[in-house]
Amino acid sequence: MNPYQILKLDRDADKKAIIKATAQAMRAREFSAREIAIAQKTLLNQGKRVNNIFKHVDFSAVIDNFSITPPVKPITDCLDAPLKF
Amino acid sequence: MKQQLQPEVILEQAEKFFNKQNFQLAKKMFEQYPYGLLDSAVTEKITKCNIEINRARAKTLLKKSKKLFKKHKNLAALELLKEAYELSGDDAIKQRIDAIAGREQASQEQQNARQAATDGNYTLAAELYKKLFTSESNLTLFICLLFNTIQTESGVRKVKHLLKKHGELLGDYSLLTEPQAYQLGYIYYKIGKFATTSKLWQPLARQDASFIEQKNVILALWEHQLFKNSHSVKKAPAFTDEVNELLIYKPSKTIMALQQLEQIKQAEELFQQQKYRAALKLLLPFPNKMSKELFCLYAGIYYHIVKYADDVTAIEVVTLCELWQNAIYNPLLSGIRYQTPAELADAELKNRRELIKINSQYKTFIEYYLNIINNSLQHLKQLFSEPQYHEFTLTPFVAMLLGKTQQLATIYREQLAAAKLADTELLPNNNVPLIYCNEIQQTVYHSFYDPRKLTDNQQLIAASKGNQLCEQLYLNLAIMAYCTSDSRGFEQFLLKTGKQFYSDELFEVMLKLLVPDELKLPYLIAIDKIIAPAMKKSKNSLFCKRCSEYSLQKIMLQYEDNLKKSAVLSNELKSIFVKLNEDIPKAYMCIFEGAEVEEIAVAFGQRNIQRASKIAQESVFDEVKDFFFLQIGDIVRMVVHDGAREDVLSVATKFYPHCRRVDPEHEITLMLEHIPYDALLKMKVN
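Protein chains in written order, with the working numbering: chain A, 16 to 100; chain B, 287 to 972.
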């Protein structure tokens, strides 16, 4: 299970945020206490955190942050009247 | 009082009118003839008069009907035609009646269809038009109807509805004429279907400025529409196809970005189906600039490929090592900051173990490669100790992925100058600086995917030629690529870019890898000659040994037949084992033996007994010696059987010294020895 999803954290959360998120997760009771504890331990262990980043591939982070320059809506005067063919 | 004519006079008058073909008057006179006096001749003539009168009448009716048709009084004209047919029974008139009746009916149906569409009864209108689509004129009519209807505000809704339900009635767009295609395209523009308008208008031949302007505006509207739709949760299945289609006509940045986004979404679906390589394929080549999130995505996909895929390649392993190690050392990539060096070392160790664990086949190579990367990253970490430079603790390969190559190079040189360090002082062996080695390495690596990426480092690459450390790195990659059957990738790389990285000698050898199989063997052996000494110099002797062993064994397994045929090649191979101070595996001994036997057979075929005996003499295999004597024995027996005494003596003289050289105690040698030489000598003198 992705520890970031369990604790609802961003990847660059610091130690303080991890501990706070753990308390909130315990209150919310969406996951078992054991799962939450493992998630906390994984993220507090810096070495394991790196591994976890790549084990739990997050496409939504890429898709949600994908920026596209909006195109300019064109002027349609030339289409007011059809051409003669 | 009218005088009653005599029957004879009536008949005479009637006959006279009949002969003049005045059938009306003739009939009138015949009707006055007394009934009791009628005979067959007269009856016949009366019948004929009736026929002719009807015919004349029909002719008159035809003329009248023509006049009515000209005045577009079709129904009345049709009635006259029917009457004419009744009178004359002429089939030509019947056919004409049928044709006109059919046209009238179609016209009426068109009228009905038109009315139904106007009344909003689209189902009936579609059915009626479907019946009418028997000619181009009806298709034009339908399009014209839609075209006229679309001009009004309420007409837009009506046409939208009609096309949505019955658009297939228009059939294949490719059969439309240019005016039809334009009108239909304009209809679709009006109802907001810019993709269809574009498809209809792009193929048209018209090239004037006004039409081109319209086409461009349609493409821009289509682009805008796709951008709007890209954010909606539920998109049409054809969205991705439309993006790809629009890219052909309008390759704008927006559309290219949309395509990339769609590819990422498709990659996600494939990833969830555990099709990791297919997902990666959609995301390659790497984009010019990569965000942190995208970096983590690539790293994750490579992790899953190396862990779960079959036939993992060297390139995939190398990429994974690069991405993971850089994430450890660079907080901007992983989001993790290590407070102390011990924490960093612990993370690095855990990561190394993890990487080695996921693919045991590459264990030694991974260890070796991670050493190279870590040396580079640790060196940079020391050099970039100030916080503003932390983001540049990257290997050049990853710097390139993130678009930071130039910045890295600039800051690196500035820091070197600030530390008053020369480039050459940074490496233990005082060779080309590690940073440059890695730049070259990453360029080599990257060119596996896309040779066009080779641009900025030409001088460095030229300088690295002949440098042992660099060549060692390239050879590592080449060996692993070749040994793991990534030969296609290796082949492409070598053909397109190899000359820039290898010394001329090595390049020529590598190039020979591309020739057909039966010729590859000598060059593979030559490569090993170069690899073995180079590998010996590496600190990681276990890797060297295993690599060299693997390649030799692979050669022997692959080219067993060739080895058996060539003593020269097998001797070269033997010498390599000797250089590596290794025993020839027993399993392969037969290969060398076979090669010698073959060589002896060839020598006998060429009547080169001296050569054959030399091979047999030098061979360590008894079987080879036995083969030599077998050949000798066969020849002697043949000569004894067929030849004269003098011939036998001659052969014995010739063979004996060679046999003696190979084995003086062999029975054939002894046999040849006992042939009387005195007699032979005498024969010669005489």
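Here a beta-carbon is modelled for each residue, glycine too, at the ideal position from N, C-alpha and C. Computed from a predicted model, the values in this text were never measured in an experiment.
*Separation of LEU410 of chain B from ALA399 of chain B, as counted between CA atoms*: 7 angstroms
*Are GLU548 of chain B and PHE100 of chain A touching if we call contact CB-CB under 8 angstroms?*
Not closer than 8 angstroms, so no.
*asked:* Quick check on ASN826 of chain B: does DSSP put it in helix, strand or coil?
replied: Note on ASN826 of chain B: pLDDT 42, under 50, position unreliable in the model; no value is reported.
*CB contact check: ASN17 of chain A to chain B, cutoff 8 angstroms*: no
*asked:* Could you check whether the stretch 618 to 636 of chain B touches the stretch 586 to 596 of chain B, counting it as contact only if at least three pairs of C-beta atoms, one from each stretch, sit closer than 8 angstroms?
replied: Short answer: they don't touch.
*By DSSP, does MET41 of chain A sit in helix, in strand, or in coil?*
MET41 of chain A falls in the helix class under three-state DSSP.
_Coil, strand or helix - MET315 of chain B by DSSP_ = helix
_Three-state secondary structure assigned by DSSP to VAL888 of chain B_ = helix
*Determine the extent of the alpha helix (DSSP H) in which ALA595 of chain B is found, giving its start and end residues.*
ALA595 of chain B -> no alpha helix (DSSP H), and no H or E assigned at all.
*Taking the alpha helix (DSSP H) that THR333 of chain B falls in, what are its first and last residues?*
326 to 356
*asked:* Give me the chain B residues within the contact set of LEU98 of chain A, using Cβ-Cβ distance strictly less than 8 angstroms, ordered along the chain.
replied: TYR468, SER496, PHE497, GLN500
*What do you get for HIS944 of chain B, buried or exposed, if any count of 16 or more other CB atoms within 10 angstroms of its CB means buried?*
buried
_What does the Cβ neighbour count give for GLY478 of chain B, buried or exposed, with the cut at 16 atoms within 10 Å?_
exposed
*Segments of 4+ residues assigned as alpha helix (DSSP H) that fall wholly inside the stretch 546 to 585 of chain B*: 562 to 569
*Applying the criterion that 16 or more other CB atoms from any shown protein chain within 10 Å of the CB defines a buried residue, is TYR321 of chain B buried or exposed?*
exposed
*Might you give, ordered along the chain, the residues of its own chain that have their beta carbon closer than 8 angstroms to the beta carbon of ARG563 of chain B, omitting 5 neighbours on each side?*
ILE591, ALA595
*With a 10 Å radius around its C-beta and 16 neighbouring C-beta atoms as the bar for buried, classify GLY471 of chain B as buried or exposed.*
buried
*CYS607 of chain B: contacting residues in chain A (beta-carbon distance under 9 angstroms)*: Within chain A, not a single residue places a beta-carbon under 9 angstroms from that of CYS607 of chain B; the smallest gap is close to 12 angstroms.
*Using the rule of at least 16 other Cβ atoms within 10 Å of the residue's Cβ for burial, across every protein chain shown, is ARG639 of chain B buried or exposed?*
exposed
*Range of the contiguous alpha helix (DSSP H) that encloses PHE525 of chain B*: 525 to 535
*Using DSSP with H/G/I as helix, E/B as strand and the rest coil, what is ARG443 of chain B?*
helix
_For THR91 of chain A, would you say it is in contact with chain B, using Cβ-to-Cβ distances shorter than 8 angstroms as the test?_
yes
*Compare the beta carbon distance of ALA36 of chain A and LEU22 of chain A with 8 angstroms and say whether it is the shorter of the two.*
Yes, Cβ-Cβ distance for ALA36 of chain A and LEU22 of chain A is below 8 angstroms.
*Find the residues of chain B that neighbour ALA76 of chain A, judging by a C-beta separation of less than 7 angstroms, and give them in chain order.*
GLU579
*Pull out every residue of the stretch 500 to 514 of chain B whose Cβ sits closer than 7 angstroms to any Cβ of chain A, in chain order.*
GLN500, VAL503, ALA506, LEU507, GLU509, HIS510, PHE513
*Given that ASP95 of chain A touches chain B, what residues does it touch there, using C-beta distances under 8 angstroms?*
Chain B residues near ASP95 of chain A: none, gap ~10 angstroms exceeds 8 angstroms.
*Between A:SER47, A:LEU58, A:PRO97, which lies nearest to ALA32 of chain A when the distance is taken from Cα to Cα?*
The residue among A:SER47, A:LEU58, A:PRO97 with its C-alpha nearest the C-alpha of ALA32 of chain A is A:LEU58.
*Does the beta-carbon distance from LEU618 of chain B to ASN612 of chain B come in below 8 angstroms?*
no
*So what's THR626 of chain B in DSSP terms, helix, strand or just coil?*
Three-state DSSP puts THR626 of chain B in coil, outside helix and strand.
*asked:* Here's the rule: buried if 16 or more other CB atoms are within 10 angstroms of the residue's CB, otherwise exposed. What is GLU509 of chain B?
replied: buried
_Reduced DSSP category for ALA96 of chain A - H, G, I as helix; E, B as strand; rest coil_ = coil
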